[in-house]
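Below you'll find the structure, written out as structure tokens, and then a few comments.
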């Protein structure tokens, strides 16, 4: 349920209302928007009398929110959320590009790639230290050492870094990682999400292989319920019957999510297609459809990458693409 | 199997080769491309000795085509196919927009919409006379009368028209329809495809609800096997578990198909999303991803449309979108 | 909407009610069940005043049917429909087995298989004359000649026969075919369904690759709307992401359909799995889950079958399976 | 790669072979089967010369295993694995029934249900203490207290218990839980699987919402790679486009898995359908298809269950079903 409060509502009356709601077992979140103050009610509002609230002087309107997600709901927070990461920001109208290797392999590799993507205009560096591999016999990532090398690349270039955490026990290693990524296979690892809700660091949540957009928003709701509002959502392809591509990139996720939530939405065309030569076309489509950004795999020697080389762009291809992306975003859905 | 013939190959030797292949039960299709002459072999080529062919003077190289589609295969026909429809053409670099109502309802309705979409830059008019409805109790379309009204709109505006045929028995009514559409539910109506292969009129084949891109190409192959090369493929969303959208638009179909086939590929964002307000964003994405065109539903009174009003754009919205589309196409994947 | 009429309702009053409903544009279907007489109303019942009907002497109760399928709805026809085919019957408690080759290839082949399956207890023979093939270059079936050979096998063994029709134009050839099959890819060939509604011959409708159970019932509704109530539904696997099996057999279709419709439901484990050695286990599961029967592919020389040999049982395996099936059906869901 | 060793192979020569393989970076697992001794090679066997091994006196045959799963592979371990849990055992020919409430709610509730299912023949009790809920606002389970109440029920009835763990940090609480369950959403929580591989306690792995059977086997491989061979696999329905059922139960998983792996396979018809009245039919189908057992939800007051009441059987219905299941299993695929 949301209440829209009247302009210049009496502060004492607002406090009194909050206290009363608290006795009814309902928490409040006041969101000050550009145009109005919205008070969101979280908890079991089924016993709250809407007409009673509507009758209060300070209340302009009352509306029940049907959707199970509240904090993540745009009805609850009309303005876009902008997630700030160092000098970069995701959301609010721009198109942020995050790029880097699937795995951190050596210091030379990750630093070289970091420099290349920075020169090409990337706002952040991605690199995997803890790799989710379907097979226990496959390279599992450099783990703690991988985080250190990633942070070296951050030092060398000034680029903020994002990396995937796979278990709560690994979180202490992520102290200097700027954005913590929740992988597709962990989108409904609810214990991990609750833990991330205790932090204030930005969290990038990837949509699960077969999770609905509503389930993605509920995973965001888990993190927000803990008090952490800094969430970036990511569409990375869903599992379907088609076998030409690794997954099926669902670009309609972008307009649908922008309507339902205030959280920024980026796109990962690399894991979606699984094939490097199709990544540019889908990246341009992501810019045109109005996404807030892109997260894409770049490797300086894809043939010898320790994982996902087939879907990685070379630095040259990435640079050429990055140049084109902002122009397309500018004439795409965001300005329509 | 394809043979690349040497430049200025002796004509008599070429004829002799064709005749010999015929005795082996193999038909040939010579395709003269911009740069080379390719002779495609259709039929059971398993007994053909590749080395023998390679040794002929006139043959530059021989390659087996693994894919089950031959005529539709780009290896067989390297240059883009351009389908000409009156003054319009689909394929070859431009972005053709086809627009119109889901159903033809009255003469006034279809003529008004035709004028509006023409003014906005549409190359062709769509309109359904035979409607595939899940329920036998739903409006089935005006049928023969619907075709006549559509042709009236063609007369009034000069716009070529495309309409869906649902059964072989209806084909005589389509004599003056410029492009015959095979609906998603008929993509594997093989008897219908064989019949359309006998015509020379352009055929628009919509990808089935749960058909792979390879199956779509095999359906095109059915039509081409009959001798009709004028095919336009259409991605219109596939069926998945997600329920926010009517289907899931698979834009990766565009780069994947452009790689595998020479046939033009357009996108239908209306049936894909089922929701008018999301159609513009996905249309812009379709232009950016490099499609050859768009087919979109437009109705002058969506609230009262006899079918699919929820996904139809108003003429005003369509006009605004059409203005933007060509610019996005120009800076999208096709020029990357 | 359905009305339950009181026992021994006055016949004149019933006629008067029907006539009045007709003036309101609503047709009636009286269904006499074991326990009550139900009058189903078909058409636009939105203007009918339920309370008015409820107040009539002859009416015991009135209920709106929400589901879009009416004639196929069990609320409309509480007793199981039994489809009689020669001496065989499908529905009503038994377990009917339909078996035969994927394609009719030669007279010797189809007669031999017919004799074998008859000895093993099959109630009907299946055999394809018109084959739906993804590729235009694959064997398309013996067509008219195939039907003739199938009828020869019928003559030799007395087994009724079922075969797939692919287009309305082929129907004249099916005059002596006992059950006409609508293949999965034609489940929403609405023109074909309308035509089959004009016949009185039993129709076997296979669920489409990605069609919901409700869509399957609406396809049955198309046939029933034409006046043909003799429909057998068939679950044959749906398309999913899993690749070990050709499709994913959805056995929950059986209890769900038995609840919603009175039409009999059989299972095709051959096309579902695509692998002969898994067919017996799934056939036994189909019997246990309460299906009305099974349709399974049997070939006397699977390695050399012209299509789908990989999923065909040998006559020996079929015989062994058939012996076991009725016992399992007897202790399965139908007697629970 | 697997080697089949000759009967009464010289022990010293076997040790020598193992040592040599170790220097090549390959570990060995000897599996003594009923009929032969198999030595499985784990690791990178690409440099191992198969012909060289074949030439050794002690080696009868050598075969490369193509599948990415080795320890879980039946080629590696031909005999069925039997997982023993107290007096119960899962695998090896019987049909074990695991039953209990979705959530442990109160001591009275779980003890009453435990008694009822025990009387009806259940081999184990299930009960959720840590509940994976899509919404952070839904009941999350009684957690540590829930485990204690479950253990009380174990004490009262002697039934071994199975419960879901959601995070590595919770494992200490599971010390007296007999079988640890990995939920569908955690099937690819690789860090959790690695940790469970360190235990020797049985682990029940549920197939993920959209995971392939091969991915399920790779998740088992993660646990086995840690040295824990006590794994029970569970098919619980996959996510598809069909909406009548909560998921689509894929019973073909049973014959497919029995062919590829030696690990026991059970079925969960409750989460698969989501509807209590369809659970019996699918349970009977699971018995007929040859599963090693069933895990089903039972609640003594489904209308007031704190979660999943809609899919829970009453004790009476469960008792009636349990009586029927073993008989069906006996005449089903396992004895075919």
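Protein chains in written order, with the working numbering: chain Z, 2 to 337; chain G, 2 to 337; chain D, 2 to 337; chain E, 2 to 337. Beta carbons are placed, not taken as given, at the ideal position from N, Cα and C, and that holds for glycine. It should be emphasised that the depicted structure is a prediction, and the values quoted were computed from it without experimental measurement.
- Inclusion of residue 192 (chain E) and residue 167 (chain Z) in the CB contact set at 8 Å is warranted, their separation being smaller than that value.
- Among the residues facing chain E, residue 109 (chain Z) is not included, as its CB has no counterpart in that chain under 8 Å away.
- For residue 148 (chain Z), the uninterrupted alpha helix (DSSP H) run begins and ends at 145-158, by DSSP.
- Counting only runs of 3 or more residues that sit fully inside the segment 97-138 of chain G, the beta strand (DSSP E) segments are 97-101, 125-127, in chain order.
- Assignment of residue 2 (chain G) by DSSP, reduced to helix, strand and coil, places it in the coil class.
- Between the beta-carbon of residue 105 (chain G) and that of residue 122 (chain G) there is about 21 Å, and that puts the pair past the 8 Å contact cut.
- Counting C-beta pairs closer than 8 Å gives three or more between the segment 243-261 of chain G and the segment 252-262 of chain Z, which meets the contact rule.
- Think of a sphere of 7 Å around the beta carbon of residue 135 (chain E): the chain Z residues whose beta carbon falls inside it are 216, 219, in chain order.
- Within the segment 279-300 of chain D, the residues whose Cβ lies closer than 8 Å to any Cβ of chain E are, in chain order, 279, 281, 282, 283, 285, 286, 287, 288, 289, 290, 291.
- Against chain Z, the beta carbon of residue 334 (chain G) has neighbours under 7 Å at 281, 282, 285, listed in chain order.
- Around the Cβ of residue 289 (chain D), a 10 Å sphere holds 16 or more other Cβ atoms; the residue is buried.
- The Cβ atoms of residue 177 (chain G) and residue 205 (chain G) do not sit closer than 8 Å to each other.
- In the DSSP assignment, no residue is bridged to residue 220 (chain E).
- Around the beta carbon of residue 300 (chain D), 16 or more other beta carbons lie within 10 angstroms, which makes this residue buried.
- Non-local C-beta neighbours of residue 200 (chain Z) in its own chain, meaning closer than 6 Å and more than five positions away in sequence, comprise 229, ordered along the chain.
- Residue ranges of uninterrupted alpha helix (DSSP H) with 4 or more members, entirely inside the segment 187-236 of chain E and ordered along the chain, are 191-198, 214-226.
- At a cut-off of 8 Å between C-beta atoms, residue 309 (chain D) does not count as an interface residue with respect to chain E.
- Residue 285 (chain Z) sits away from residue 332 (chain Z), with the two beta carbons spaced by 8 Å or more.
- Taking one beta carbon from each stretch, the segment 290-298 of chain G and the segment 88-107 of chain G have 3 or more pairs nearer than 8 Å; the two touch.
- Against chain G, a Cβ distance below 9 Å from residue 303 (chain Z) picks out nothing, because the smallest value is about 18 Å.
- By DSSP's assignment, residue 245 (chain G) forms no beta bridge with any residue.
- Within the DSSP secondary-structure output, residue 183 (chain E) pairs in a beta bridge with E:206.
- By the CB criterion at 8 Å, residue 274 (chain D) and residue 280 (chain D) fall inside the cutoff.
- Approximately 6 Å separates the beta-carbon atoms of residue 76 (chain D) and residue 3 (chain D); this is inside 8 Å, confirming the contact.
- Distance from the CA of residue 58 (chain G) to the CA of residue 165 (chain Z), rounded to the nearest whole angstrom, comes to 59 Å.
- Taking a Cβ-Cβ threshold of 8 Å, none of the residues of chain Z is close to residue 268 (chain G); the smallest such distance is about 10 Å.
- Using a Cβ distance threshold of 8 Å, residue 6 (chain G) and residue 68 (chain G) do not count as a contacting pair.
- For residue 259 (chain Z), the enclosing alpha helix (DSSP H) has its first and last residue at 254-261.
- Residues of the segment 221-251 of chain E whose Cβ lies closer than 7 Å to any Cβ of chain D, in chain order: 239, 241, 242, 243, 244, 245, 246, 249, 250, 251.
- The C-beta of residue 55 (chain D) has fewer than 16 other C-beta atoms within 10 Å across all chains shown, which makes the residue exposed.
- DSSP places residue 307 (chain E) in the coil class of the three-state scheme, outside both helix and strand.
- Excluding five sequence positions before and after residue 311 (chain G), the CB atoms of its chain that fall closer than 8 Å to its own CB belong to 275, 276, 277, 303, given in chain order.
- Nearest Cα to residue 130 (chain G) within the set G:113, G:137, G:136, G:107: G:107.
- Residues of the segment 60-79 of chain E with a Cβ closer than 9 Å to any Cβ of chain Z, in chain order: 69, 70, 71.
- Under the three-pair Cβ rule at 8 Å, the segment 140-154 of chain D does not count as touching the segment 180-198 of chain D.
- Assignment of residue 317 (chain G) by DSSP, reduced to helix, strand and coil, places it in the helix class.
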